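Every letter in the sequence shown is one number past the one before it in my numbering, and letter 176, counting from 1, is 185.
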Amino acid sequence: MKFGNKPAVPKNGKIIMDTIAIGIPAKKINQMKTPLYLFTLSFVLSFNLFAQRNIQSLNSAWEFSLENQDKTEIVNIPHTWNAEDAFRDGKEYFRGKGTYQKTLFAPGNYKDKRVFLKFEGSNQITTVFVNNEKIGEHRGGYTGFVFDISEALKIGEENQIKIEVDNAHNTDIPPLDADFNFYGGIYRDLELIVTNRIHFELANEAAGNILVKTPQVSEDKAEIIIQTKVVNNSVQEKTIKVSIDIFDPQSQNIRTLSKKVQLKAGEKISVIFTENIQAPELWSPDTPNLYRIQARLSEVNSEEILDDLNTKFGLRWFKIDAENGFFLNGKPLKLIGANRHQDFKGLGNAVPNSIHRSDYRTIKEMGANFIRTAHYPQDPEVYRICDELGLLVWSEVPVINDVTDTAAYHDISLKMQREQILQFYNHPSVIFWGYMNEIFIRLVFNNNITEAKIGKVPGGHSYYKISFKYLI
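And the structure:
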């Protein structure tokens with residue numbers, strides 16, 4: 010097998026090195042042979058450029074190896090090791106373990122910070138080690154997740170980051186069988202996020218997202234509920250001011266809200282705001298109006314911003330009538346669209362944002378107003394694009410064809426659904442959450458199988474009813 014003749018192209022469409030070479034002669038730069046050295050240099054130089062939250066790409070220059078090969082190579086993320094072999098006729102593509110490694114220098118001012126790795130997607134079991142200490146494991150290949158690596162870092166020293174990704178068949182993790190490839194690798198963006206010790210919660214099923222609920226919307230008024238979670242990782246009790254700015258689709262600040270909260274050392278609390286917007290500018294496929302929220306943390310009687318976070322949302326309401334169809338903002342709307350997978354020839358599923366955007370523009374231009382993200386949650390950029398273009402979305406988890414009737418499979422399926430909803434909750438484009446898809450597909454192709462017999466067919470489905478409750 011041949012792997013990695015060309016590193017996967019990052020989402021901006023270019024191969025990048027995350028390098029800032031300030032005041033260094035070109036001759037000296039040319040003497041710096043390794044990409045890992047360049048990354049370390051860039052990180053030290055860039056760290057002092059921020060006051061509160063710093064988000065830096067970790068996409069470039071990873072040392073990569075596969076368990077069935079002796080060689081190593083330098084790759085860029087997004088990356089899959091199945092970009093080529095999955096397209097070879099008559100041959101099985103490799104499903105197993107791949108390992109990514111990088112050296113990360115942690116400067117002295119990390120001592121008073123929290124440091125996180127944020128994955129947008131990695132298929133399908135991802136295990137993170139820092140200096141050979143296991144930080145955690147995530148199961149499932151289509152939703153984001155965050156690990157807090159703060160305690161394992163050696164401040165003022167180089168740190169070894171190792172990420173193991175395994176896409177081998179696992180009966181406890183959907184999907185088990187489908188008409189698409191189960192590519193292995195860190196195939197979506199990877200970020201390093203550095204915050205103050207007092208920050209909005211990051212390492213949760215929402216992958217750091219704050220929730221904006223819109224329980225009541227009409228042409229006259231919209232009620233919004235903003236849910237944040239604040240963490241105090243300092244060693245002292247703190248009085249914190251939580252501020253919310255709401256911007257309309259023209260980027261005008263229309264509301265400023267604030268609350269003071271008391272947090273003990275090590276405490277995490279929810280801070281919730283409720284507000285009404287009069288005569289809201291509604292979101293629809295023809296008028297995809299987007300509001301924006303900026304959330305900030307500061308100590309009381311201080312101008313210093315400890316953390317800040319932005320999210321967009323839209324205001325719309327809809328209903329589905331068995332006789333009369335779909336209604337958006339009180340008006341009937343015929344849904345016209347297609348299914349769309351996230352892979353591309355030559356790249357597998359390690360697809361840059363430029364291709365995502367091109368695909369959805371084409372879908373919009375052909376007259377569609379609706380898309381199904383078959384058969385799994387797709388890149389966060391996809392939902393942002395659909396919000397902006399005005400495409401309604403059916404987003405689903407990959408419970409397809411085969412189901413393993415075990416507690417482990419059931420629990421992971423529920424976790425996937427929670428992660429999907431919590432991470433993409435604010436997107437006005439999303440109108441359906443699918444908890445399975447094409448689960449009875451074999452009934453179509455085998456007239457001898459009935460729904461009652463499915464659980465008894467060797468190698469077939471195990472069917473059971475699932476009850477979902479989401480505390481969001």
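No residue lacks a Cβ here, since even glycine has one placed at the ideal position from N, Cα and C. No experiment lies behind these values; they were computed from the predicted model shown.
Next on the checklist: Is it the case that the stretch 162-180 contacts the stretch 263-279, given that we only count it when at least three CB pairs across the two stretches are under 8 Å?
Outcome noted: Under the three-pair Cβ rule at 8 Å, the stretch 263-279 does not count as touching the stretch 162-180.
Checklist entry - Among residues of its own chain, excluding the 5 on either side of residue 337, which ones have a beta-carbon nearer than 7 Å to its beta-carbon? => result So the qualifying residues of the chain are 293, 325 and 327.
Next on the checklist: Quick check on residue 230: buried or exposed, where buried means 16 or more other Cβ atoms within 10 Å of its Cβ?
Outcome noted: Exposed is the call here.
Checklist entry - Where do the N-terminal and C-terminal ends of the beta strand (DSSP E) with residue 248 fall, by residue? => result Counting along the chain, the beta strand (DSSP E) containing residue 248 begins and ends at 247-256.
Checklist entry - What three-state label does DSSP hand residue 340 in the structure shown? => result Strand.
Next on the checklist: Within 10 Å of its beta-carbon, does residue 271 have 16 or more other beta-carbons around it, so buried, or fewer, so exposed?
Outcome noted: Counting every other CB atom within 10 Å of its CB across the protein chains shown gives residue 271 a total below 16, marking it as exposed.
Checklist entry - If we count the other Cβ atoms within 10 Å of its Cβ and call it buried at 16 or more, is residue 425 buried or exposed? => result With 16 or more Cβ atoms within 10 Å of its Cβ, residue 425 is classed as buried.
Item to check | Three-state class that DSSP yields for residue 431 in the structure shown | outcome: Residue 431 sits in a helix when the DSSP states are folded into three classes.
Checklist entry - So is residue 441 buried or exposed if we call it buried at 16+ other beta carbons inside 10 Å? => result So residue 441 ends up on the exposed side.
Next on the checklist: In the DSSP assignment, the beta strand (DSSP E) including residue 239 goes from what residue to what residue?
Outcome noted: For residue 239, the uninterrupted beta strand (DSSP E) segment begins and ends at 230-241.
Item to check | When 208, 223, 439 and 225 are compared against residue 237, the one with the closest alpha-carbon | outcome: For the residues 208, 223, 439 and 225, the minimum Cα distance to residue 237 belongs to 208.
Checklist entry - Who are the Cβ neighbours of residue 301 in its own chain at under 6 Å, not counting the five residues just before and after it? => result So the qualifying residues of the chain are 256 and 321.
Next on the checklist: What does the Cβ neighbour count give for residue 428, buried or exposed, with the cut at 16 atoms within 10 Å?
Outcome noted: Buried is the call here.
Item to check | With 16 other Cβ atoms within 10 Å as the buried cut-off, status of residue 434 | outcome: Within a 10 Å sphere around the beta-carbon of residue 434 sit 16 or more other beta-carbons, which makes this residue buried.
Next on the checklist: Quick check on the DSSP output: the beta strand (DSSP E) that includes residue 361 runs from which residue to which?
Outcome noted: In the DSSP annotation of this structure, residue 361 is not part of any beta strand (DSSP E), being labelled neither H nor E.
Next on the checklist: Please tell me whether residue 62 has its Cβ less than 7 Å away from any Cβ of chain B.
Outcome noted: Within the model displayed, chain B is absent; a lone protein chain is all it includes.
Checklist entry - Is DSSP giving residue 67 helix, strand or coil here? => result Under the three-state reduction of DSSP output, residue 67 falls in the coil class, being neither helix nor strand.
Checklist entry - Over what stretch of residues does the beta strand (DSSP E) that includes residue 398 continue unbroken? => result For residue 398, there is no enclosing beta strand (DSSP E); the enclosing alpha helix (DSSP H) has its first and last residue at 389-398.
Item to check | Supposed contact pair residue 201 and residue 65 - C-beta distance, whole angstroms, cut 8 Å | outcome: Rounded to whole angstroms, the Cβ separation of residue 65 and residue 201 is 5 Å, and the two are in contact under 8 Å.
Checklist entry - residue 163 by DSSP, collapsed to three states: which one? => result Here residue 163 sits in coil by DSSP.
Next on the checklist: Strictly by DSSP, which residues pair up with residue 303?
Outcome noted: The partner list for residue 303 (beta bridge, DSSP) reads 254 and 319.
Checklist entry - For the 8 Å Cβ check, are there 3 or more pairs between the stretch 210-220 and the stretch 122-134? => result Using a Cβ-Cβ distance cut-off of 8 Å, the stretch 210-220 and the stretch 122-134 are in contact, since at least three pairs of beta carbons, one from each stretch, lie closer than that value.
Checklist entry - Which partner residues does residue 404 have in the DSSP bridge list? => result 382 and 442, per the DSSP bridge assignment.
Checklist entry - Under the three-state reduction of DSSP, which class applies to residue 189: helix, strand or coil? => result Three-state result, residue 189: coil.
Checklist entry - Would you call the stretch 136-146 and the stretch 156-167 in contact, with 3 or more CB pairs under 8 Å? => result Yes, they touch.
Checklist entry - So, residue 157 versus residue 125, is the Cβ gap smaller than 7 Å? => result Contact annotation: residue 157 and residue 125 have beta-carbon atoms nearer than 7 Å.
Checklist entry - With 16 as the cutoff for other CB atoms within 10 Å, does residue 245 come out buried or exposed? => result Classification for residue 245: exposed.
Checklist entry - Between residue 116 and residue 166, what straight-line distance do the alpha-carbon atoms span, to the nearest angstrom? => result Whole-angstrom Cα-Cα distance: 7 Å.
Item to check | Same chain, Cβ closer than 8 Å to residue 380, neighbours up to 5 away in sequence not counted | outcome: Hits under 8 Å: 346, 347, 348, 349, 369, 372, 395, 400, 401, 402 and 403.
Item to check | Contact belief for residue 410 with residue 186 at Cβ below 8 Å, rounded distance in angstroms | outcome: Residue 410 to residue 186, Cβ: 4 Å. Contact.
Checklist entry - Between residue 297 and residue 398, which are expected to be in contact by the criterion C-beta below 8 Å, what is the C-beta distance as a whole number of angstroms? => result Distance from residue 297 to residue 398 at the Cβ level is roughly 7 Å; contact confirmed, criterion being Cβ atoms closer than 8 Å.
Item to check | Straight-line Cα distance separating residue 295 from residue 378 | outcome: Taking C-alpha positions only, residue 378 is separated from residue 295 by approximately 9 Å.
Next on the checklist: Considering Cα atoms alone, identify which of 68, 252, 183 and 193 is closest to residue 104.
Outcome noted: Among 68, 252, 183 and 193, the Cα nearest to that of residue 104 belongs to 193.
Item to check | residue 169 (DSSP reduced to helix, strand or coil) | outcome: In this structure, DSSP gives residue 169 an extended state, which the three-state scheme calls strand.
Checklist entry - Quick one: Cα of residue 254 to Cα of residue 305, how far? => result In this structure, the CA atom of residue 254 is about 9 Å from the CA atom of residue 305.
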